[in-house]
Amino acid sequence: MLKILFICTGNSCRSQMAEGWVRALKNDVVEAFSAGIEKHGLNPYAVKVMAEVGVDISGQKSKLIPELPTMDFDYVVTVCDNARESCPVFPRRTHIIHIGFDDPPRLAGLCQLEEDKLACYRLVRDEIRKFVENIPDKLPGI
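In the numbering used here, the protein residues as written are 1 to 142.
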């Protein structure tokens, strides 16, 4: 099985959604992990919009990279620019790729209505799902 780590700044939203999507859609071929450069806690809006599509991430925890059980990853996917710029060094065989997704909390911060805020999270959730649906076929080196 491929081991993939998703990294974002606070491991609160995008990387958590990516981990959840992989576990829901690809757990037969990929072992997913997520971590952050910092720990911001699990975003409740991310939990809510993932639950809407039947993916429960409520048991996942915000964590730092050194807290992971392994550092032996086939792929490290940075999902925000800050994570790409701050990505630590991994073993030579690890493929590091960047897929920049919009920041749902930043987008939602521009909205007044709760439903509009949730729409921002749903948009990014669905973009992440499209990416995950193409794993492992569209990953470089495969």
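Cβ atoms here follow ideal geometry from the backbone N, Cα and C, with glycine treated the same way. All values derive from a computational prediction rather than experimental measurement.
With a threshold of 16 other beta carbon atoms within 10 Å, G10 meets it and is buried. Inclusion of I97 and Y75 in the CB contact set at 8 Å is warranted, their separation being smaller than that value. Under DSSP, the beta-bridge partners assigned to T78 are I7 and H98. Residues T9, G10, N11, S12 and S62 of the same chain have their beta carbon placed closer than 8 Å to that of H40, with the five preceding and five following residues left out of the count.
At least 8 Å separates the beta-carbon of V49 from that of S58. For the pair of segments examined, the region 130-139 was found not to touch the region 108-120: the number of CB pairs separated by less than 8 Å stays below three. The alpha helix (DSSP H) runs of length 4 or more contained entirely in the region 19-68 are, from start to end of the chain, 44-52. For L123, the three-state secondary structure derived from DSSP is helix. Contact between M1 and E31 holds: CB atoms are separated by about 5 Å, below the 8 Å threshold. With a cutoff of 8 Å on beta-carbon distance, F101 and R14 are scored as near each other. In the structure shown, L139 falls within a coil segment according to DSSP collapsed to helix, strand and coil. The three-state secondary structure of L107, taken from DSSP, is helix.
In this structure, the alpha-carbon of R93 lies about 13 Å from that of I4.
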